[in-house]
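Residue numbers (numbering that gives the first Met the number 0): 0 to 160.
We treat Cβ as the ideally placed atom computed from N, Cα and C, and that holds for glycine.
The block underneath contains the structure these notes are about, expressed in structure tokens.
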Amino acid sequence: MTKVSMTVNGTPMSGDVEGRTLLVSFLRDKQGLTGTHVGCDTSQCGACVVHVDGKAVKSCTMLALEAEGAEVATIEGQAAPDGTLNAIQAAFQEHHGLQCGFCTPGMVMSAAALLKENPKPSEAEIRHYLEGNLCRCTGYHNIVKAIMAASGQDVSAIAAE
């Protein structure tokens, strides 16, 4: 066992891990941050997206030890301390960008990374960026609409599908 330390959502955290422990397992099993989901274990679905030092990563393909000393952000750190949703979360709620909710944490974290890189993405850019995130319920239309709304763009002209 090796001790790993990182800052998660602004809070220093550490724990003993085996060398093969994935970041997603460290966050969920050792730290109790179960908002980051395990959907496939093969980097295909995007349900496990977190930010490591400001970059979106699929935490099912990163070892916990690789995050030693890193700043990690998870879905639990997106809302304000009083529980107020951030702009992306509020837009997902307002524009019905979720159904079962399983993919939502990864979608929100991916959307946050996209909007950091590209504050006003087009619909095509959003769809391209989300290619690594699977949703089996929504058909993506309302997810795309929510991300556009979170970026401050007018979505009233986007027709429902």
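How big is the Cα-Cα spacing for residue i and residue j?
{"i": "A46", "j": "L21", "result": "14 angstroms"}
{"i": "A72", "j": "A66", "result": "11 angstroms"}
{"i": "V56", "j": "A112", "result": "10 angstroms"}
{"i": "M5", "j": "S42", "result": "22 angstroms"}
{"i": "S121", "j": "H140", "result": "13 angstroms"}
{"i": "K115", "j": "R19", "result": "31 angstroms"}
{"i": "Q148", "j": "P118", "result": "For the sequence presented, residue 148 should be read as Ala rather than Gln. Cα-Cα distance, rounded: 11 angstroms."}
With C-beta atoms as the reference, is residue i less than 8 angstroms away from residue j?
{"i": "I33", "j": "L97", "result": "Sequence inspection shows Thr at residue 33; the Ile mentioned does not correspond to that position. Not closer than 8 angstroms, so no."}
{"i": "S155", "j": "N132", "result": "no"}
{"i": "L64", "j": "V3", "result": "yes"}
{"i": "Q77", "j": "V107", "result": "yes"}
Helix or strand or just coil, what does DSSP make of residue i?
{"i": "S147", "result": "Looking at the sequence shown, residue 147 is not Ser but Met. Helix, per DSSP."}
{"i": "H161", "result": "Residue numbering for the chain in the displayed model covers 0 to 160; residue 161 lies beyond these limits and cannot be assessed."}
{"i": "L62", "result": "strand"}
{"i": "L22", "result": "helix"}
Which residues does DSSP list as the beta-bridge partners of residue i?
{"i": "T1", "result": "V16"}
{"i": "K57", "result": "V48"}
{"i": "E70", "result": "T6"}
{"i": "P11", "result": "T6"}
| message | Below 8 angstroms, how does it come out for the stretch 16-30 and the stretch 76-93: are there three or more Cβ pairs, yes or no? | response | Contact fails between the stretch 16-30 and the stretch 76-93, because fewer than three Cβ pairs, one in each stretch, are under 8 angstroms apart.
| query | Does the stretch 35-42 touch the stretch 97-109, meaning 3 or more C-beta pairs lie closer than 8 angstroms? | reply | Flag = yes, the stretch 97-109 and the stretch 35-42 touch.
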